[in-house]
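Chains as they are written, first to last, in the numbering used here: chain A, 1 to 509; chain B, 510 to 1013.
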């Protein structure tokens, strides 16, 4: 048991990684599902354990193969990435049982084991990006998750051929993003000679005026900006979310962009000194306007969508705006809001995409007009969409409200009351697009006479796990707020680079 | 039963009613019966709380704490107690009326209707008992969301667009202004619980205080302060029981109640009068009072006329807060009660007329009093209550508001109240008078056949519709004699309790 705890930092990545080839080796869809499910559950338990260990502000470190950093690769966990690990593994554990049923309809039978293998690879990649303390390792895991994501999105082609072009778009833009990122890494490696994040932060501190380092910073932020889908770099996202299989839409919407945001936060605050981006004012000048544009423009586009999945995708882009805004406020309170919103938006959007997937399974179309009057025929699924929608708007009692509250408080504390007004004004647009769904589901008479059955329990249960979580964390906000606060302080206060408890084998020098 | 158990029970009962309605969509009698029992139980519980509270027991309950000073918590104080009593007592009557109306009118989807109805009561009780701004906001939004399906109940194009206006204005104002105001208050004061005397004294300048008050006043869209009053007439597409309970009592009163609570417990009456931050609000309220009355005069649709009358009457209470005297606040509190009884009577009459004759326009209602005497007499009593004639309870609250205006030397406000009373006469009395004294419109039945005994000439709405409105009409008169006990009960809200001097 103690070995398990000591090596938990590596096991959390290793187990899903090993699960992927196992899925292919057995070649049976049922076995593949159970392998992935247990791997995911295992990762969830470990990440929960890790979060509990670091929630008081401690930092854990693990030296791979016993090689001490900066030479060896180091995995390093503080509250910020423990929270991200938890988000990724929790969402994955909930989505997998859903995927087992939903892919029957969407993906050809002989591709099912492939699906689970890719899913596990993607999962591994996301966890790895979050946990590693080595800059180049981030790139490696990023590519693992991205490449498998392209495959997963393309698997939607069985149902709609447009998934192929969406995956291709994502492939091109994602690769550009990854390339930018690796160029940035190359530049900082050139100027410091190290890749360990803690080591980097010490060596970069005196290099603030160095043009190469500044260029590196720009490359890294823009490269990751593509992965985050910061507003003008968002073009891949709607297509990918719309045409991917339902389970994948839910999984990606809840995790992929969140992990990318985490990477930017980590680089901005822990690797480059926090002042770096802000004293140059680049981040303030870039993040503020683009966050606000995202909040309004993407919401406005969402209002006019007839494809419900696309509507939710644009809503995601708008919500990413809120997260960036928290970063741009550059305060502990602002970062707390961002971290909390990472979590709250993940459970909200995950629930909504799963509910939409259940509807698509029943009526075969993601188009809103086809869903007229479904509120009567699929009461539970429709209610899930409404509850998720309320959380997107930020109605009190839902998770979305908590993050909005934190964000508004942060804005007021900084004296940016104008920003506060923009935040609340943009959520009016959310009211419009959510209510468009509500009116369609409940108040528009059904056009077809075909009776539609309620979604099967195997889809409803995972959906409702997240719906209940949305309400639970809306009412009992203390847990997530405390975790986010610790995370924010670790990021902004430089706790990440401080003293760390070394787990597992003490490194050889 | 411990005090906190009683609070929890008072919230649970309407929730159980809501669940019952969801689970028993087909069994009409059983469902409506259980809901009625639960409504009576709720009233009993609230009475029990009242009893305990007036004996001096401390009723407070912290449900969830997020942070020090951020929590979902309940605390009973006189204003909330009065509001809860009004809402829970009128729920019983409206439920009975609602059953009569929905059946008499062959409306559809009873289960959804009564489920949302019960949920709205749950939210109302939550607002009444809330101990801080966050809790208030939580239940305020729940009330908006749960009443939306009620407004859209008929599912026609008109109902949908009315409901859209309803939701858009209520949710829009609450998100943009109210939430901002709450977060701002929290940042300035570091707390947001309701304290006698307010929490904002000396925390910020008078100018900012005025802006903050504005955010609150317009953020509480349910108080229907002009120009954010449009949702109220729009919501009149709802079935009449909804208009009766929700748009004469629960929803609109939740608005002005929040307004009062924030004025008294967040800003503090003394603070407001010292800084003069509420002076501008007085003028807005006065404008609302007069403009809405004038618009009401031009409405031919009975429910719309009553809606505009409500807009005008709600601003009385806002005016009571804005006058920033203790008399004004208490008068406002009393007006919540008296107006509730008066307006619910009027709305129930409007519904009864619709059920019996399917008439909605005032011009079609000539002579109806002769066939529906109970309804029209009740209407007359309700109308006089709104106008403020003794011996109806409404006269007291109007009187107190007038005294408050005189106290603070606002003679213009006094005259506004007087003119408004005259306007009330002008738009309410003709309905009642024509019902009895004009010849009936339409063909044939103009002459009264004296040979038929009067009993058989009647064509009232079903008994379940008529009985509740008679009770509320009687209530208007009874309250006239007991208004004193309400004001005595409300007295503590404006007084800062004298801290006990410790002997040592």
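Beta carbons are placed, not taken as given, at the ideal position from N, Cα and C, and that holds for glycine. Just so it is clear, the structure is predicted and the values come from calculations on it, not from any experiment.
DSSP three-state assignment for residue i, whether helix, strand or coil
{"i": "residue 955(B)", "result": "Because the pLDDT of residue 955(B) is 45, which lies under 50, any placement of that residue in the model is unreliable, and the question is left without a value."}
{"i": "residue 452(A)", "result": "coil"}
{"i": "residue 738(B)", "result": "coil"}
{"i": "residue 1000(B)", "result": "helix"}
{"i": "residue 341(A)", "result": "helix"}
{"i": "residue 869(B)", "result": "coil"}
{"i": "residue 209(A)", "result": "coil"}
{"i": "residue 329(A)", "result": "coil"}
{"i": "residue 137(A)", "result": "helix"}
{"i": "residue 709(B)", "result": "coil"}
{"i": "residue 702(B)", "result": "strand"}
{"i": "residue 196(A)", "result": "strand"}
{"i": "residue 1011(B)", "result": "Residue placement at residue 1011(B) cannot be trusted, given a pLDDT of 46 that sits under 50; the coordinates are not used to answer."}
{"i": "residue 227(A)", "result": "helix"}
{"i": "residue 857(B)", "result": "helix"}
{"i": "residue 203(A)", "result": "helix"}
{"i": "residue 355(A)", "result": "helix"}
{"i": "residue 110(A)", "result": "helix"}
{"i": "residue 820(B)", "result": "helix"}
{"i": "residue 844(B)", "result": "helix"}
{"i": "residue 444(A)", "result": "coil"}
{"i": "residue 1017(B)", "result": "Beyond the ends of chain B as shown, which are 510 and 1013, falls residue 1017(B); an answer cannot be given."}
{"i": "residue 694(B)", "result": "helix"}
{"i": "residue 396(A)", "result": "coil"}
{"i": "residue 714(B)", "result": "coil"}
{"i": "residue 174(A)", "result": "helix"}
{"i": "residue 683(B)", "result": "helix"}
{"i": "residue 80(A)", "result": "helix"}
{"i": "residue 901(B)", "result": "coil"}
Segment limits, beta strand (DSSP E) that includes residue i
{"i": "residue 574(B)", "result": "569 to 576"}
{"i": "residue 74(A)", "result": "74 to 77"}
{"i": "residue 61(A)", "result": "60 to 63"}
{"i": "residue 502(A)", "result": "501 to 503"}
Identified DSSP bridge partners for residue i
{"i": "residue 583(B)", "result": "570(B) and 639(B)"}
{"i": "residue 755(B)", "result": "DSSP output for residue 755(B) lists no bridge partner at all."}
{"i": "residue 132(A)", "result": "75(A)"}
{"i": "residue 307(A)", "result": "367(A)"}
{"i": "residue 810(B)", "result": "870(B)"}
Closer than 7 Å: residue i CB and nearest the ligand NAD heavy atom
{"i": "residue 88(A)", "result": "By its list of ligands, the structure shown contains no ligand whatsoever, and the ligand NAD lies outside what it can speak to."}
Run of the alpha helix (DSSP H) containing residue i, from where it starts to where it stops
{"i": "residue 423(A)", "result": "417 to 438"}
{"i": "residue 779(B)", "result": "778 to 784"}
{"i": "residue 50(A)", "result": "29 to 54"}
{"i": "residue 486(A)", "result": "478 to 492"}
{"i": "residue 269(A)", "result": "It is not in any alpha helix (DSSP H) - residue 269(A) carries neither H nor E in the DSSP assignment."}
{"i": "residue 945(B)", "result": "920 to 946"}
{"i": "residue 747(B)", "result": "Per DSSP, residue 747(B) belongs to no alpha helix (DSSP H) and is neither H nor E."}
{"i": "residue 235(A)", "result": "Where residue 235(A) is concerned, there is no enclosing alpha helix (DSSP H), given that its DSSP letter is neither H nor E."}
{"i": "residue 157(A)", "result": "Per DSSP, residue 157(A) belongs to no alpha helix (DSSP H) and is neither H nor E."}
{"i": "residue 878(B)", "result": "First-last for residue 878(B): undefined, no H or E at that position."}
{"i": "residue 512(B)", "result": "512 to 532"}
Query - Contact set between the segment 564 to 595 of chain B and chain A, restricted to residues whose Cβ is under 9 Å from the partner - result: 572, 573, 574, 575, 576, 579 and 581
Report task. With 8 Å as the C-beta to C-beta threshold (strictly closer), list the residues of the segment 467 to 490 of chain A near chain B in chain order. Result -> 475, 476, 477, 478 and 481
Report task. Could I get the ranges of all uninterrupted alpha helix (DSSP H) runs contained in the segment 585 to 653 of chain B, with 4 residues as the minimum, in chain order? Result -> 587 to 613 and 619 to 638
Query raised in the report: Residues in the segment 410 to 436 of chain A with C-beta within 7 Å of chain B's C-beta atoms, listed in sequence order?
Result: 412, 413, 420, 421, 424, 425, 427, 428, 431 and 435
Report task. Anything in the segment 608 to 639 of chain B with a Cβ closer than 8 Å to a Cβ of chain A? List those residues in chain order, please. Result -> none
Query raised in the report: Quick one, which residues of the segment 657 to 686 of chain B are near chain A if we go by CB-CB under 9 Å, in chain order?
Result: 657, 658, 661, 664, 668, 669, 672, 673, 676, 677, 680, 681, 684, 685 and 686
Requested in this report: Below 9 Å between beta carbons is the criterion; list the residues of the segment 770 to 782 of chain B that meet it against any residue of chain A, in chain order.
Outcome: none
Query raised in the report: Between the segment 187 to 209 of chain A and chain B, which residues of the former have a C-beta closer than 7 Å to a C-beta of the latter?
Result: none
Query raised in the report: If contact means a Cβ-Cβ distance below 8 Å, which residues of the segment 687 to 700 of chain B contact chain A?
Result: 688, 689, 692, 693, 695 and 696
Query raised in the report: Residues in the segment 742 to 773 of chain B with C-beta within 7 Å of chain A's C-beta atoms, listed in sequence order?
Result: none
**Report entry** Proximal residues, the segment 389 to 401 of chain A versus chain B, C-beta separation under 9 Å
**Finding:** 390, 393, 394, 395, 396, 397 and 401
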